[in-house]
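Below is one structure, written out as structure tokens; the observations come after it.
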Amino acid sequence: MEIWINPACSKCRSALTLLDAEGADYTVRRYLEDVPTEDEIREVLGRLGLEPWDITRTQEAAAKELGLKEWARDESSRDRWIAALAQHPKLIQRPIITAEDGTAVVGRTEEAVRDAIGRG
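What follows is the structure in structure tokens.
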């Protein structure tokens with residue numbers, strides 16, 4: 079299990095606390111420092127079953143500068159969104175937990191983190 083975190087994020091810290099309390103075996107990826115590639119973002123999206131705009135923090139300054147709210151949300155725009163996430167990792171919703179069963183969750187709630195723990 080791997081968790082993508084921003085240490086300054088309270089939701090990330092809460093997820094780590096719960097993982098520790100449950101004795102989960104995981105590795106931490108500080109994704110603002112160890113920036114995911116476009117291919118890694120595609121893989122995580124597949125594991126999440128989501129589109130890039132579903133995991134984009136549209137209230138971030140970079141999102142506003144890029145005008146993301148105006149971008150199309152369709153298959154032809156998918157690569158553009160993924161490139162933006164790779165170039166501006168702060169736009170990636172957090173924390174993302176990849177489970178051993180090949181799935182992933184956005185662990186913003188205790189329920190979502192527990193779901194990831196249950197998947198291994």
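Following the numbering used here, the numbering of the sequence shown begins with 79 at its first residue and continues without gaps. Note that CB positions come from ideal geometry on N, CA and C, so glycine has one too.
Nearest-angstrom Cα separation, counted from residue j out to residue i
{"i": "Leu128", "j": "Ala194", "result": "16 angstroms"}
{"i": "Asp103", "j": "Ala86", "result": "22 angstroms"}
{"i": "Val106", "j": "Glu118", "result": "15 angstroms"}
{"i": "Gly198", "j": "Thr176", "result": "9 angstroms"}
{"i": "Lys142", "j": "Thr136", "result": "7 angstroms"}
{"i": "Thr187", "j": "Gly101", "result": "18 angstroms"}
{"i": "Ala139", "j": "Gln171", "result": "14 angstroms"}
{"i": "Trp149", "j": "Ser155", "result": "8 angstroms"}
Which residues DSSP lists as bridging residue i, in chain order
{"i": "Ala150", "result": "DSSP output for Ala150 lists no bridge partner at all."}
{"i": "Trp82", "result": "Arg107, Ile174"}
{"i": "Val122", "result": "Paired residue(s): none; Val122 is not in a bridge."}
{"i": "Thr134", "result": "Ile170"}
Among the options, nearest to residue i - alpha-carbon criterion
{"i": "Val122", "options": "Ala190, Lys147, Glu80", "result": "Glu80"}
{"i": "Leu163", "options": "Ile175, Leu146, Ala177", "result": "Leu146"}
{"i": "Tyr109", "options": "Ile83, Val184, Arg192", "result": "Ile83"}
{"i": "Pro165", "options": "Glu111, Glu178, Ile174, Glu189", "result": "A small correction: the amino acid at residue 165 is Gln; Pro does not occupy that position in the sequence shown. Residue Glu111 is the option with its Cα nearest to Gln165."}
Status (buried if at least 16 other CB within 10 Å, exposed otherwise) for residue i
{"i": "Gly196", "result": "exposed"}
{"i": "Ala182", "result": "buried"}
7 angstroms Cβ shell around residue i - same chain, five flanking residues per side excluded
{"i": "Ile160", "result": "Glu116, Ile119, Arg120, Pro130"}
Cβ-based neighbour list, residue i, same chain, cut-off 8 angstroms, excluding 5 preceding and 5 following
{"i": "Gly180", "result": "Arg125"}
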